[in-house]
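Chains as they are written, first to last, in the working numbering: chain Y, 231 to 564; chain D, 231 to 564; chain C, 231 to 564; chain S, 231 to 564; chain W, 231 to 564; chain X, 231 to 564. Written out below as structure tokens is the structure these notes cover.
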């Protein structure tokens, strides 16, 4: 029988399953008896749990961030569900299906990866094609690239999000390049491929989404340039030729400048047509993803507006819901 | 007998009156019994109410934003007053005096309106005077203009606030124009009249102050220009002449530029003496209103400073209250 | 025989043709004899002209901005060509082919216009399709829309530039919308159509490119919203139905917000998917146009970089030209 | 017979008068013979002068900034007037009427000063009135205050400009204070009086307008606070009482914050009603003065716009001059 | 026997000592019985206290900010310690050792002060040395300067913090000046001495750290310049000579510009070598102090990062703690 | 006999020497005869040269940027010196002493390099010391590092400038670290060493100072991180151990963040004590160098201020020169 996800729990349910434990606290109740409170999470959400009469030993037997095998009963408390726990113990990690604990793309990762491969292997420029192959031959890279989210919270924040973001951008690049003669299609495709590749080391996505220390200190732009430098060194093994120096500099420039301005953390602004187009497509895909997700995730159907989004610094108009489109002139105040 | 306003309620009072219900919640007490908690509001403030042992049916019988006829008893709970409710039901809207629920100007709206009319009907320029008349002949416009607040929270946030703001600015304009020869007094007066006129559609002020959908999407500047364009089309019916094109462009420019800079949402900066003066007077009246209101509304008399105001990004000095004007040199730390 | 354009003039040529006169000055030579100096322009460039021993009467017989019929001889002076004039007189405007004096799109305007019509007439939404028809039925509008540049200097600064910009954006919108389900394709297409429509009144493009007074005071955003409002009023004549109010507000919002931020002169930021996509496509097309034009117009082939562009605040990398890609380590300073 | 001012000079005039010499240079003509070139200025403008066959001794006999007695003849050279000098020598300063060399207010300085005195001597608050008297009793201060311009270039850049600026602001303050109950009129009047008083040491205005070293290093805000501190120390001699500490802090705060924001060089933002009103009035008077002067000084009547003003970062619309208010739809490009 | 500080309290302790009372509230328990809740503070931290069955008279017998003699028992409540009070009364201020209630520098204030004196008394320039003496002879100034914190929260926020900040900067200046010939060492030392001297009036530090009214309205920059002006007037009594005017202007300029930019509240930017160096040293010392304190105060040893610091707008990397330096490639999601 | 440098040339000198040719132009004189005009440069400055009656063949025989052997005579023309050339031909590069053509540090490069080596070879941390050795063993790197300027124009813009900047910063770091316990001295020293190392590829300094293509597209920050990555890979050959990963990330972070903010082109802000200190020392050394150079290079001794510096956005006060420190109160305007 399958797992009961957090979003499936109902008042009165008896549970015995593995959850990710966060925010553990040892508290005392009114009578001074200690109890453990923690948050149980999986990819569908979180629920509060309490284990009464818990000693310090049990409390120290696990850490926030561990997976716990828990037993208990769901109950409604002051309008919210919580779990009254009867047993907790650390779960063995090898038995855990990590995909239960992180949100993932709704698209088929294999198909997305095939699309990515297709774009790279059909490149005309032999050096760039060989560069693509070098990345694809690196299993660790591929495993990270197909798993990594594109962001922790802002956009595509789910397993496979980076791959989804990149393949969508490749499709768009494929359609836009013809409108701008003088723009090198192969460079744009490879720039799209690599612009966020550094995120596979910048972010952590083993259990929950976050930043690695290296990620916070260096950022995905610097990491991505380094990954590119490493792989380019391998290309001559495939092509028998030195990788053209100008081509490499152009590629690095695209990664460095893809945020568009200094203010957004790019140490260089786009100075080639390919870098400018990459920035534009990235901007469109991230902004459209955010704005459409805001609409989709806003479950409160009776309002015309989403809640305020701090990244976008605005609310998004969903429309269609109420009669306040035009302000009614008040009938009278008399 | 008149209504008991929220600010008049005292511990032990028995109440039976209509209030605006907001923030309704269904909660469970320690024993798991459900109760309704909500906020009861009128123009003088808000008070928390609880109705014990309330079922879901009652909870669903009204919405936040409805007017409720409530019965109950006021009591002091942990230093704050609350109402223990014994009965609630939706009130019929037609019996409600809306002025009980929205703050309104302390000035006489009729006198303010007469002043407005006076300024407009005594304009020298026949086209501008006829334009003023066209607005004054529009009952819906006049009802909105005399009721609308000038802002939701920032300044003049009460019924009649827009009218009060505009007539004060007209008085000021009347006194300042003579200092700046080459500035067209009639244009300034009409610019003052119309600069915020779009707010009567941007804002909602039927029950509580907020933004209409149109208001959020277009803003009062664009709406105001549109209202001006509509009314100008009627002027030739009064004057028998085409409205001068340059005059119209100058007026639109004043509405568009009255926030002074792009950063504050004006798509154009003031480029005529009249537009510059309008912006300056608007700036003075809104800032002075905010700063004086901060002082007036700060009931904590034992401090020399108001709380931090986020719009102004500062605290305001009230003064006169304490001995900390100069930092006392500490006597000794030995 | 066709006209000799400025860029075709060579040392020793005898000319007799019409040019646009600008920067006229009356000067005195070393002997104190007065002469007229002016700039002769057509769409291919400008050349300096001098008419010796010219009196004040001749000088006053025309204005800068007039078309002149000139006779003279081209000569090389200190490395630059100039014309020694023997005769000038004002030319009759009706005999002038204006297209000789303003740069124009290299594309076929008729085909671009057919594309525009195609997009508008095939819209699914009957209200939006009728709105498109109302614009297309307005000959003055169509004449302006097909002639107007998209900018005075920044991008698409040539006759037909606006049409070229808009049809390219329509093609792009057509390809991008499918990637963003939940985005209304018809709204995006009409938003693209109208976002810069106000430029046909903001700009002047009869003889040279510039801003109209109305354009400087109101800007194409406010003018465009006004044009939209006017035409929407005609739609019910075609559809027999009122134009949906929410649809209209969404369209106006797109025009108002298409610059993306307050700083760039939009009084509102994009708050719908359609407005966000419109802004993104506009950004890409204007930036790509500028960057590719910089490369194309930089005729100095011996450099790897274009001159500094003040709008982009950068130089653009053309590449491929020299050995300085990597800085050579200096051999020695000994 | 009076002086011939620069703006009165005509081709062929013989002159013998004193001018301020600036930009002196020693040059060589085509034959290698040295000549002196300099600019001759008075308050109405400047004209170029040349003295042929001048030796180094003569060149070194005066400095830029000296007054010279010059003899020569005015002639037209390449469309501009210049003076061919026959004699120059340093003029004795005591014989010079300085008012000939600096622009000065068109108003009557004595009347302006009487108005200033009137405002200060009629103050209700005895401490502030005595403070005003202390300033008025200081002849050096009064001489500087009545002579000083309010700016070097930006606004009121003429002798008496500061006095004119301050008295206009006093008149405005007098009219605005009644609209804002809770605002101390006396404080506002004295704040207006002192807000720019530091300019009498910040600026130099003996011969030409500029900044003193102290002015550049400290600024008129810091200097003004120091002047206030000095004079306040004298007030008890008049009143027999200590100057109230809070009143002094409020006054200093007004001077410190009158530029409104950090960006414009105020170390503090206005935090009292009086400081806010002072800032608002100052902003209006400086901006209106600049915009109206732009219009007035633009003698080129054939344009609807003034030249670009770098302080305002805009051109100003004068209007009324041409047919480009609305962009003409081009008749045809065929 | 010494005082029991808050950080020494343990579950079960009986206390009878003086604490600073803050945040006092009168609340009612579940049975409606009133109780007093307050925060008891000393320089080591704060602890919550409750006194059951307290009447309004007792509640009104003291204010937040008073010192209270309290008796009670420490107990653990829900994981935090609190004090169940049995008696409270206002303490006589003269018996209180203020150093128990404010954090203070860990360094020896006497040694820091000796260092300060040493720097000032060994200055070469006799005017500057005499200026230093004038400050040192002023007991009130010295008492404030040695007690004052350098900030309320940001850096060196403890008694003696200003002295510590200044003497460290003097040591640094002493070592840096030799690298920049042309920089006047004496001026830099005195500039360091005085740059924040205005804080002894800007801040309050008698019982808790805060801003005086004068401090909020004028700021330490303006106050510091005023203090300098006052003391300079005394210097001739020691030297028998006028204080050199340029020297004084340079010193004032250093105080005025030490924040480096307008945005950070300096009305002038540094325009002399000495002012620039002062700004640089101040920037280093404040930033380094903040960043090192973040690391030191973050007691949660199991993380590699400090919490987000709002002044620095960043988290600080402590390092060394976990395995997330590099993001682990997830083993598998299958 | 040594070379005659440009700054040594005097009217009437006969010259026969090598100069760097720039700005070459072919012009025609009044009679239509062509002549060559060019600028002759060496490290002491530039002088204009003309070669009359020059043909196109000669003109095409060299490029701007070539070294020319020139013969001619210096003469004074309109107050400026110029060279009337009698012969020019391309000089053989191998015979040229490049140090004649680029400004170089006034310090002894060998001593500076010894200091650098000393700091690196005495590092305590074996990994960092070995890293330093790896750089020092790379002759190409050392040649570049000792020759490269620290900037093209802004600061240390001369051969050896980078080395001078870095060694000064090492000295300063050496003295400052002890004030900030918890800061790793070795990391700071190596961070100082490498922070601008990327400039040896970012800049070109073979003949004149400029940017390489790679430098413009990637910037010295990204290049420097790449150089560090390359060299770190060699360290285990010396130490026999892997380079500690955290140490490497901390070093890269220092290079990436040394500009302090995004606005100045750092993709990351300083998040460790060592990165913060590096940024502070860099800021001090660059700013002090600029401000002192402004004073030193301003040869116009009669003014108290340097010309406006666009990088610093200010003029620098030299002082001591005139009587305008305080504005003189004008004697009288009567």
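Glycine included, every Cβ here is placed at the ideal spot set by N, Cα and C.
Query                                                                                                                         : Result
Residue 281 of chain C - containing beta strand (DSSP E), residue span                                                        : 275–281
Whole-angstrom distance between residue 243 of chain Y and residue 438 of chain Y, CA atom to CA atom                         : 26 Å
DSSP bridge partner residues for residue 317 of chain Y (one or two, in chain order)                                          : Y/301
Residue-level contact to chain C via CB, residue 343 of chain S, 8 Å cutoff                                                   : no
Touch test, the region 404–418 of chain D against the region 516–531 of chain D, Cβ-Cβ under 8 Å, three pairs minimum         : no
Contacting residues, own chain, Cβ-Cβ under 6 Å from residue 333 of chain Y (five flanking each side not counted)             : 273 and 388
Contact between the region 292–305 of chain W and the region 399–406 of chain W (3+ Cβ pairs under 8 Å)                       : no
Outcome for residue 282 of chain D when other beta-carbon atoms lying within 10 angstroms are tallied against a minimum of 16 : exposed
Residue 547 of chain W, enclosing beta strand (DSSP E) - first and last residue                                               : That residue, residue 547 of chain W, is in no beta strand (DSSP E); it is neither H nor E in DSSP.
Test item: CB-CB of residue 315 of chain X and residue 304 of chain X under 8 Å                                               : no
Collapsed DSSP secondary structure at residue 472 of chain W in the structure displayed                                       : coil
Beta-carbon neighbours of residue 506 of chain S, restricted to chain D and to distances below 7 Å                            : 517, 518 and 521
C-beta contact flag for residue 362 of chain W and residue 420 of chain W at 8 Å                                              : yes
Neighbour-count burial assignment, residue 397 of chain D, 16 or more Cβ in a 10 Å radius                                     : buried
Contact set between residue 482 of chain X and chain Y, taken where Cβ atoms lie within less than 8 Å                         : 447, 448 and 452
Residue 234 of chain W versus residue 241 of chain W - alpha carbon distance                                                  : 13 Å
Interface residues of chain W facing residue 547 of chain D [CB-CB closer than 9 Å]                                           : 443, 446 and 447
Interface residues of chain W facing residue 410 of chain X [CB-CB closer than 7 Å]                                           : 518 and 522
Chain Y residues whose Cβ lies nearer than 8 Å to that of residue 496 of chain X                                              : 497
Terminal residues of the beta strand (DSSP E) in which residue 265 of chain W lies                                            : 264–272
Selected residue, minimal CA-CA separation from residue 311 of chain C, among C/378, C/365, C/440 and C/236                   : C/236
8 Å Cβ cutoff met for residue 498 of chain W and residue 448 of chain S                                                       : yes
Inter-residue Cα distance where the pair is residue 560 of chain S and residue 541 of chain S                                 : Here the model assigns residue 560 of chain S a pLDDT of 47, short of 50, so the residue's position is not dependable and the matter cannot be decided.
Rounded straight-line distance, which links the Cα of residue 349 of chain W to that of residue 488 of chain Y                : 52 Å
Option in W/537, W/457 and W/319 with minimal Cα separation from residue 246 of chain W                                       : W/319
Start and end residues, alpha helix (DSSP H) containing residue 524 of chain D                                                : 503–527
Short CB-CB distance (under 8 Å) between residue 467 of chain C and chain D                                                   : no
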